[in-house]
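Trainee:
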Ligand code: FAD
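Numbering (the working numbering), first residue to last: 23 to 502.
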């Protein structure tokens, strides 16, 4: 251990980012403390990825089993399919408790000191923790800040946690109101619309921008809208801002034109999920004591995860990972950043390659992507002087998808025309979240479609959708 310090490394925040960093640091021989003010496992385990995926798994099964037409084509007939809301909620809660316990035990087993309380930088290499038993001060050669994020609630919206709520409450599935408005059509809004419609609720989805799912590639968003929105009990309103939301029975929602900000419509619904993004937790962290100025709340970092001082230079021995730096607010990105920070602490230079980090929405069917959208790739091409091309392949031509009777879907491959380098892949369809990994690995290697077209894929599998796209791209690049 480093002489003169209590620890080699102290981490503030035991979410996926902090946990991943702690485990990696132990494997590198560091003595580690982790400070957590609330629940071990942070957002992902307690209020994010895990409970939402548990709800999606159960509600997705209900959707499948109630799809009599689909089952009939497979030769199956079922009577009525019932579900118990409370039991589905328990399924999610049980998994959360189990994973939280596993995560805490894994840290104890590795001799990581877990300190319960609010951590704050007192000065360089020193942290104070407000614990139940009073203030505790620890010193560490390096400090990683991993305090994560919380839901963003726009001004004018009042949350009561029962009729107007964020994903923090929604994951507990305490009720299933008949008519739910969802503000925001990002991945959280989409996943909950999938859960709620499968369980019989009607949805009104409100998006401030002119297009639903604005962060997805436009072709994928168009197809997703056709499959995930249009045939379901979902009404959509775009270009409208929820200016005021008053909880109660009914919930009153004032909708204003996004451009003029004039109220144009008032909705009365049973409940409202506010899914308008997330904001970093960076207040009361003692950042000012070491000269850090946040940017819209995010802690500025360089590619090595070193925290930057107001003048832009890195602050020695201070690192920030995960949602709080806003680079890519995903669980696996937080842990990748944690591992990179620890590698740099150990003197092995490492940066995170965001281009190759995939993302997914776990709707039925799923959406996934890695790398650039087509408009973003074209913009880069214009700036750097190369041409961009794209090809599509479809699930309806894939034997496995046909066998499953799940042929709604498409893969879109975006690449450089001159070198064939893969720039982005977007998939909508069955198991898209698993299929994207091959493309992520290929982008990490900066592979060309000309190489990828010769990789052999198992038959019959959904992975052949990508195989088909790579072959088409290589063929197009070769001029046939
Ligand atoms: P967090 O997980 O937010 O953890 C930070 C921890 O720090 C918290 O436990 C907090 O209590 C603690 N803390 C904060 N300040 C202090 C302090 N001063 N002292 C002590 N402790 C402190 N991502 C995916 O990749 N896949 C998904 O499918 C996915 N689904 C999601 C679904 C939902 C509904 C939501 C809300 C998020 C989802 N995410 C998903 C995003 C993912 O949960 C986050 O990106 C991830 O949890 C960020 O990890 P983190 O370690 O940066 O922060």
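Glycine included, every Cβ here is placed at the ideal spot set by N, Cα and C.
From 192, 295 and 358, pick the residue whose C-alpha is nearest to that of residue 202; which is it?
Mentor: Position 180 of the chain shown, counted from the start, is the residue given in the question as residue 202. Among 192, 295 and 358, the Cα nearest to that of residue 202 is on 295.
Trainee: Hey, residue 272 and residue 182 are a contact pair by Cβ (cut 8 Å); roughly how many whole angstroms apart?
Mentor: In the chain shown, residue 272 corresponds to position 250, counting from 1. In the chain shown, residue 182 corresponds to position 160, counting from 1. That belief does not hold up - the Cβ atoms of residue 272 and residue 182 are roughly 13 Å apart, past 8 Å.
Trainee: Relative to the C-alpha of residue 380, which residue among 329, 446 and 124 is closest?
Mentor: Start at 1 with the first residue of the chain shown, and residue 380 comes out as number 358. Checking every option, the nearest Cα to that of residue 380 belongs to 446.
Trainee: Tell me whether residue 108 is buried or exposed, calling it buried when 16 or more other Cβ atoms sit within 10 Å of its Cβ.
Mentor: In the chain shown, residue 108 corresponds to position 86, counting from 1. It counts as exposed.
Trainee: How would you write the range of the beta strand (DSSP E) that residue 164 sits in, first residue to last?
Mentor: The count along the chain shown starts at 1 and reaches residue 164 at position 142. Element bounds for residue 164: 156-167.
Trainee: Would you call residue 65 buried or exposed, if buried means 16 or more other Cβ atoms sit within 10 Å of its Cβ?
Mentor: The residue labelled residue 65 in the question sits at position 43 within the chain shown. Counting Cβ neighbours within 10 Å, residue 65 comes out buried, since at least 16 surround it.
Trainee: To the nearest angstrom, how far is the alpha carbon of residue 459 from that of residue 396?
Mentor: One-based indexing of the chain shown puts residue 459 at position 437. One-based indexing of the chain shown puts residue 396 at position 374. Roughly 19 Å separates the two Cα atoms.
Trainee: Which residue's Cα is closest to the Cα of residue 138: 223, 124, 428 and 159?
Mentor: Translated into the one-based positions of the chain shown, residue 138 becomes position 116. Cα-wise, what sits closest to residue 138 is 159.
Trainee: Please classify residue 164 as buried or exposed, where buried requires at least 16 neighbouring CB atoms within 10 angstroms.
Mentor: Here residue 164 corresponds to residue number 142 of the chain shown, with the count starting at 1. Flag for residue 164 reads buried.
Trainee: For residue 275, would you say it is in contact with chain D, using Cβ-to-Cβ distances shorter than 8 Å as the test?
Mentor: Looking for chain D here will not work: only one protein chain is present.
Trainee: Report the option in 412, 266 and 292 whose CA atom is closest to the CA atom of residue 285.
Mentor: Locating residue 285 in the chain shown gives position 263, where the first residue counts as 1. When each option's Cα is compared against that of residue 285, the closest is 266.
Trainee: Measuring from the CB of residue 354, is there a heavy atom of the ligand FAD at a distance below 7 Å?
Mentor: Start at 1 with the first residue of the chain shown, and residue 354 comes out as number 332. Yes, the Cβ of residue 354 comes within 7 Å of a heavy atom of the ligand FAD.
Trainee: Could you tell me the distance, in whole angstroms, from the CA atom of residue 432 to the CA atom of residue 32?
Mentor: Here residue 432 refers to the residue found at position 410 when the chain shown is read from its first residue. Here residue 32 refers to the residue found at position 10 when the chain shown is read from its first residue. Their backbone Cα atoms lie some 45 Å apart in a straight line.
Trainee: Does the count of Cβ pairs from the stretch 440-454 and the stretch 382-394 closer than 8 Å reach three?
Mentor: Contact between the stretch 440-454 and the stretch 382-394 is present, because at least three Cβ pairs lie under 8 Å.
Trainee: Quick check on residue 153: does DSSP put it in helix, strand or coil?
Mentor: Taking the chain shown and counting its residues from 1, the one referred to as residue 153 is at position 131. Of the three classes helix, strand and coil, the one that applies to residue 153 here is strand, per DSSP.
Trainee: Buried or exposed: which applies to residue 467, given that a residue is buried once 16 or more other Cβ atoms fall within 10 Å of its Cβ?
Mentor: Mapped onto the chain shown, residue 467 falls at position 445. Classification of residue 467: exposed, given that the 10 Å Cβ count is below 16.
Trainee: Can you name the start and end residues of the alpha helix (DSSP H) that residue 213 belongs to?
Mentor: Here residue 213 corresponds to residue number 191 of the chain shown, with the count starting at 1. First-last of the alpha helix (DSSP H) with residue 213: 209-220.
Trainee: What alpha helix (DSSP H) runs, 4 residues minimum, are completely inside the stretch 426-491?
Mentor: Listed in chain order, they are 454-466 and 471-474.
Trainee: For residue 27, which of 250, 462, 52 and 216 has the nearest alpha-carbon?
Mentor: Against the chain shown, residue 27 aligns to sequence position 5. Here the closest residue by C-alpha is 52.
Trainee: Using a 10 Å radius around the Cβ and a threshold of 16 neighbouring Cβ atoms, would you call residue 91 buried or exposed?
Mentor: In the chain shown, the residue the question calls residue 91 occupies position 69. With fewer than 16 Cβ atoms within 10 Å of its Cβ, residue 91 is classed as exposed.
Trainee: Assign residue 148 to one of two classes, buried (16 or more other C-beta atoms within 10 Å of its C-beta) or exposed (fewer than that).
Mentor: Against the chain shown, residue 148 aligns to sequence position 126. With 16 or more other Cβ atoms within 10 Å, it is buried.
Trainee: Taking only heavy atoms of the ligand FAD into account, decide whether any of them is closer than 7 Å to the Cβ of residue 174.
Mentor: Here residue 174 refers to the residue found at position 152 when the chain shown is read from its first residue. It does not: the Cβ of residue 174 is nowhere closer than 7 Å to a heavy atom of the ligand FAD.
Trainee: Go ahead and label residue 482 buried or exposed: buried means 16 or more other beta carbons lie within 10 angstroms of its beta carbon, across all protein chains shown.
Mentor: Taking the chain shown and counting its residues from 1, one reaches residue 482 at position 460. Exposed, because fewer than 16 other Cβ atoms sit within 10 Å of the Cβ of residue 482.
Trainee: Just verifying my parser: in three-state terms, what is the DSSP assignment at residue 200?
Mentor: Sequence index remark: in the chain shown, residue 200 carries index 178 (1-based). If DSSP states are grouped into helix, strand and coil, residue 200 belongs with coil.
Trainee: Give a yes or no on contact between the stretch 327-336 and the stretch 214-229, applying the rule of three or more CB pairs nearer than 8 Å.
Mentor: Segments in contact, no.
Trainee: Along the chain, where does the beta strand (DSSP E) that runs through residue 33 open and close?
Mentor: Taking the chain shown and counting its residues from 1, the one referred to as residue 33 is at position 11. Counting along the chain, the beta strand (DSSP E) containing residue 33 begins and ends at 29-34.
Trainee: Is the stretch 237-251 touching the stretch 419-438 in the sense that three or more CB pairs, one from each, lie closer than 8 Å?
Mentor: At 8 Å Cβ cutoff, the stretches touch.
Trainee: If we count Cβ pairs, one from each stretch, closer than 8 Å, do we get three or more for the stretch 397-405 versus the stretch 461-475?
Mentor: The answer is no - the stretch 461-475 does not touch the stretch 397-405, with fewer than three Cβ pairs under 8 Å.
Trainee: Does the contact criterion of 3 or more C-beta pairs under 8 Å hold for the stretch 37-56 versus the stretch 121-139?
Mentor: Yes: the two stretches touch, three or more of their Cβ pairs being nearer than 8 Å.
Trainee: Over the uninterrupted beta strand (DSSP E) stretch that includes residue 135, give me the two end residues.
Mentor: For the purposes of this step, residue 135 is taken as the residue at position 113 of the chain shown. That run of the beta strand (DSSP E) goes 135-138.
Trainee: For a test of your reading of the model: does the CB of residue 469 fall under 7 Å from any non-hydrogen atom of the ligand FAD? Yes or no.
Mentor: As a first step, residue 469 must be located in the chain shown, where it is residue number 447. Result no, Cβ not under 7 Å from the ligand FAD.
Trainee: Please give me, in chain order, every unbroken run of the beta strand (DSSP E) with length at least 3 that falls completely inside the stretch 26-97.
Mentor: As far as the stretch 26-97 is concerned, its whole beta strand (DSSP E) runs of at least 3 residues are 29-34 and 54-58.
Trainee: Mind the definition here: the stretch 409-424 touches the stretch 348-364 only if three or more C-beta pairs lie below 8 Å; say whether that holds.
Mentor: Touching, no.
Trainee: With a threshold of 7 Å (Cβ to nearest heavy atom), would residue 75 be considered close to the ligand FAD?
Mentor: What you label residue 75 is simply residue 53 of the chain shown in a count that begins at 1. Because some heavy atom of the ligand FAD lies under 7 Å away, the Cβ of residue 75 counts as near it: yes.
Trainee: What are the start and end residues of the beta strand (DSSP E) that includes residue 393?
Mentor: Counting from 1 along the chain shown, the entry for residue 393 is found at position 371. Run containing residue 393: 388-393, per the beta strand (DSSP E) assignment.
Trainee: Per DSSP, residue 142 is paired with what?
Mentor: To locate residue 142, count along the chain shown from 1; it is residue 120. Partner(s): 150.
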